[in-house]
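Here's the structure, in structure tokens; my notes come after.
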Amino acid sequence: MNYLDELNESQRLPVQQIDGPLMVIAGAGSGKTRVLTYRIAYMIENGIDPFNIMALTFTNKAAKEMSERIASIVGDSEARSISMGTFHSVFSRILRYNSDRIGYPSNFTIYDTQDSKSLLKDIIKGLNLDDKAYKVNHVYGRISSAKNNLLSADAYAQNEEIVWEDKQAKRPELSRIYKAYENRCRKSGAMDFDDLLFQTHVLLSKFPDVLHYYQQKYRYLLVDEYQDTNYAQYLIIKKLAAAYENICVVGDDAQSIYSFRGANIKNILNFKVDYPDFNLYKLEQNYRSSKNIVEAANSIISKNKDQIHKVVWTDNTEGNKVSVVRALSDNEEGKIIAHKIYRSKENGIESFNDFAVLYRTNRQSRSFEEALRKLNIPYRIYGGISFYQRKEIKDLLAYFRLTTNPNDEEAFKRVLNYPRRALGNTTKEKIIIAANQNGVSLWDIVSNPENYSLALNKPTQGRVNDFVTMIKSFQAELGKLNAFELGETIAKESGIIRELKGEIDKGPEEIERFQNIEELLGGLQEFVDLDGSGDFKSLSDFLLEVALLTDADTENKEDRNHVSLMTIHSSKGLEFPFVYVVGLEENLFPSQLSLHSRSDLEEERRLFYVAITRAKSACTLSYASSRFTWGQVISSEPSRFIDEINPKFLEFETPKLRGGGRSLKSRGSNPSFSNKFQNKVSSNRNLKPLSASSKTPTYSSEKEFMVGQNIIHERFGKGKITKLNGFEADQKAVIFFPNHGTKTVLLRFAKLTIIKEK
DNA sequence: CCAGTACTTAGGTTG
DNA sequence: TAAGTACTGG
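Rendered as structure tokens:
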């Protein structure tokens, strides 16, 4: 197969430019991944050594997908030799190799957000600061953005502007917290997510020989989603690319949705400054979505002022208009969407995989879960609490971490008294204080009690010693037992298994916890067995793999037939035939927190653009006029984003509220009106959920179909309608296709053209 | 030290 | 609402 034939002209050009800097601005659905994968394949086929290629993505999923596609063209072993992965995972490997240069152990722990926040909480308490003024989330965000801008704690303290800002905000001690945090991470041999970037930059700027080595090794660089890179990422890439300038970045400014974690759109705009002789390619043809969807999305994004000019267009069929649905409450919204999915599936849609529900915030998933469960529709929630974040899993992993890196403070605190061994807060506090006073790790204190006066009573000291002995016994097995064997030993001897087994009769949650532990051990076994290289796989090797995994990576093959529920953020890069963008309400989407600045609001708008452009053949928007929030019902008005779409591309399934939706609040406070209103419609829904639309207005785009008519179907070609069933939204047609036999199609989704007879 | 209970408080998106 | 913290008595 010659894959170059599968590309259009504007895709082919960047694929065939191997050397020199190039930037590809790729509109939504324009085949960006295809360009990246084919480009890498093309490079390898033209003699580039895959070991010389670094390809960076933002999600593991994107990396995995690309890797698989490349492997299918150039073969497994070639594909495996490419350094392809997320920034975090590729950089963490570089850091492992060179950790001694920057004073970290090679088996450094990676702190996840939970770990970082828990440490910060501890530090704020330890410095006797008011935890109301110093909210952990805020402090964490502040430090994170400092690191993303390559400011160390010392640089932070010396930066007058920042110090002034903190003073204004009545948080003058922030730089002290940052400093303490930096120290304690280092004492623990731990890096947080931001350190993986920050320290990579330190490594490359402090050690010219290391930089030189990686410039030579990675002489071909590719960066996906370039619009989402932050300053640290930008500078690292720039350094690596400096020797050869073989750098290809791909991005779409219209899909930049990560400024909250430091993404800087200027990186795209600066590309021409850094590489003046670069080539710019634009991919503007959308292959994914129907015309109505593309145009609706275009009409949204045109409301943004800051953007690179491009015209996204498509050759695809017109398709259905984007429909808009109103629900009266968040629960009803769930029901309506679930029923829609139920009906479409009933009408011949192949698989539940074709459906996605996209929302702004994770907590919105609840009503959809409930409604889908009631209809027995399989679903999967992406994001949210991942497998590796569960308490029981984190507990066991903490033992693993402590075994490979005993200085890991967060792991230590987590398991010192779990399962309970009568080493509670008092003891923990004493150890922490001693560690801070002596500037050593918690483990240093307990493993050398004779060197530090701890003032523990005899029996407590004895129990601490037992704990130390146990961890040491695990460590002794590190080189002898493989990951699975040692993992199982730890699970048993730490007492975790006994603990969970003892609770198993308490209820389903406890059973699940036990099963999760079993699943983790199963994962260890797989990790050892499936590798195939025959190399010895230790527990440390496992931890390296696991630290950067997210929920989206734990997909198992059996449950492939499900509706996907996820935030719009995590839907980026994905596509689905049927997309439901839900919760389109003011203060939710756009988020309340985005309303005070234009740039934030524009980012919300880009997010909306991303959401709509996930859809291939149909997109539905929904909103609820009341929503259960923080224990009470809040009334809400439809999002401004709905109004911003050119109405030509919209179709309102439920009538728009009259008299201006913006006055909903006063209306909601009138109980007699709102109750009456609510009862009427919701009882209608409850009584006949599966034909709920019989009283809603007809669909404006509906064509008049009749039995006996000849039509053309997008996929099946010519056919004749033999039967019509149902009404309006549910209307189905039984059609005989000479080439494909008889099919039942839902008229709402099928793309049929009527052949006029004369 | 620990378990049970009363009270507070968050509220966005991710690797 | 739900999760996390503070307090109290055994």
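Take the first sequence: its letter number 758 is residue 758 in this note's numbering, and every next letter is one higher.
Where is the CB? At the ideal position from N, CA and C, for every residue including glycine.
To the nearest angstrom, report how far apart residue i and residue j are at their CA atoms.
| i | j | result |
| --- | --- | --- |
| glutamine 199 | leucine 95 | 8 Å |
| aspartate 401 | lysine 117 | A small correction: the amino acid at residue 401 is arginine; aspartate does not occupy that position in the sequence shown. Taking the straight line joining both Cα atoms gives about 18 Å. |
| isoleucine 177 | tyrosine 3 | 54 Å |
| glutamate 6 | lysine 272 | 29 Å |
| threonine 591 | leucine 530 | What sits at residue 591 in the sequence shown is serine, not threonine. Using only the alpha carbons, I get a separation of about 44 Å. |
| proline 638 | serine 625 | 7 Å |
| alanine 297 | lysine 616 | 12 Å |
| isoleucine 490 | aspartate 49 | 42 Å |
| serine 10 | glutamine 307 | 21 Å |
| isoleucine 432 | asparagine 107 | 23 Å |
| serine 89 | serine 494 | 30 Å |
| arginine 662 | leucine 521 | Note that arginine 662 has pLDDT 39, beneath the 50 cutoff, so the model's placement of it is unreliable and no number is given. |
| glutamate 653 | glycine 348 | 22 Å |
| valine 357 | proline 172 | 43 Å |
| leucine 584 | leucine 129 | 40 Å |
| alanine 611 | valine 581 | 7 Å |
| asparagine 149 | threonine 59 | 21 Å |
| isoleucine 43 | aspartate 76 | This sequence places methionine at residue 43; isoleucine is not what is there. Roughly 16 Å separates the two Cα atoms. |
| lysine 688 | asparagine 331 | Low confidence applies to lysine 688: its pLDDT is 24, below 50, so where it sits in the model is not reliable enough to give any reading. |
| serine 700 | isoleucine 568 | Bear in mind that a pLDDT of 26 at serine 700, under 50, signals an unreliable position, so the model cannot answer this. |
| threonine 629 | glutamate 477 | 51 Å |
| lysine 430 | alanine 455 | 8 Å |
| serine 256 | alanine 169 | 29 Å |
| asparagine 362 | threonine 426 | 37 Å |
| glycine 27 | asparagine 52 | 28 Å |
Are the CB atoms of residue j and residue i within a distance shorter than 8 Å?
| i | j | result |
| --- | --- | --- |
| serine 175 | valine 163 | yes |
| leucine 269 | isoleucine 247 | no |
| leucine 524 | serine 365 | no |
| leucine 36 | aspartate 224 | yes |
| leucine 548 | serine 81 | no |
| leucine 574 | arginine 360 | no |
| lysine 413 | lysine 391 | no |
| tyrosine 382 | serine 570 | yes |
Got a sec? Which residues, its chain only, sit under 7 Å from residue i by beta carbon, not counting five neighbours each side?
| i | result |
| --- | --- |
| tyrosine 258 | Asp228 |
| alanine 63 | Thr57, Met84, Gly85, Thr86 |
| serine 289 | Gly29, Thr314, Asn316, Thr613, Ala615, Lys616 |
| aspartate 354 | Phe576, Pro577, Phe578 |
| isoleucine 377 | Ala338, Ile341, Tyr342, Phe352, Val563 |
| tyrosine 156 | Ala146, Ile162, Ser175, Tyr178 |
| glutamate 512 | none |
| serine 67 | Ala79, Met84 |
| glycine 31 | Gln11, Leu283, Tyr287 |
| asparagine 457 | none |
What does a CB cutoff of less than 8 Å around residue i pick up in its chain, not counting 5 residues either side in sequence?
| i | result |
| --- | --- |
| leucine 593 | Asp600 |
| leucine 423 | Leu416, Asn417, Thr460, Arg463, Val464, Phe467 |
Nearest to residue i by CA position, among the options, is which residue?
| i | options | result |
| --- | --- | --- |
| aspartate 253 | Lys282, Glu485, Ile711 | Lys282 |
| threonine 57 | Tyr580, Trp630, Lys572 | Lys572 |
| lysine 187 | Trp443, Ser386, Glu65 | Trp443 |
| alanine 398 | Ser453, Arg288, Ile517 | Ile517 |
| isoleucine 293 | His138, Glu512, Gly29 | Gly29 |
| glycine 764 | Thr550, Asn457, Ile496, Glu410 | Outside the modelled stretch of the chain, which goes from 1 to 758, sits residue 764, for which no answer is possible. |
| lysine 179 | Ser144, Arg101, Asn482, Gln168 | Ser144 |
| arginine 34 | Glu45, Arg12, Ile53 | Arg12 |
| leucine 240 | Asn264, Ala263, Phe207 | Phe207 |
| methionine 191 | Ser344, Ile381, Gly103, Asp541 | Gly103 |
| glutamate 165 | Asn320, Arg142, Cys185, Asn148 | Arg142 |
| glycine 439 | Ser99, Lys492, Glu409 | Glu409 |
| arginine 219 | Gln114, Lys345, Pro21, Gln632 | Pro21 |
| aspartate 277 | Leu396, Met23, Gln709 | Met23 |
| glutamate 603 | Gln17, Gly262, Gln158, Ile110 | Gly262 |
| aspartate 395 | Thr567, Ile123, Lys492, Ile265 | Lys492 |
| glutamine 475 | Glu450, Ser538, Ile712, Val325 | Ser538 |
| arginine 627 | Arg326, Leu544, Met470 | Arg326 |
| glutamine 759 | Ile25, Arg598, Glu503 | This structure cannot speak to residue 759, because the chain is shown only from 1 to 758. |
Can you give me the Cβ contacts of residue i inside the same chain, cut-off strictly under 6 Å, excluding the 5 residues immediately before and after it?
| i | result |
| --- | --- |
| lysine 335 | Ala371 |
Q. Counting pairs of Cβ atoms below 8 Å between the region 231-240 and the region 190-198, do you hit three or more?
A. yes
Q: Taking 8 Å as the threshold, find out whether the region 635-648 comes into contact with the region 619-626 through three or more Cβ pairs.
A: yes
**Q.** At least 3 beta-carbon pairs within less than 8 Å: the region 208-215 vs the region 235-246
**A.** yes
(Q) I'd like to know if the region 404-413 and the region 364-380 are in contact, where contact means that at least 3 CB-CB pairs between them fall below 8 Å. (A) no
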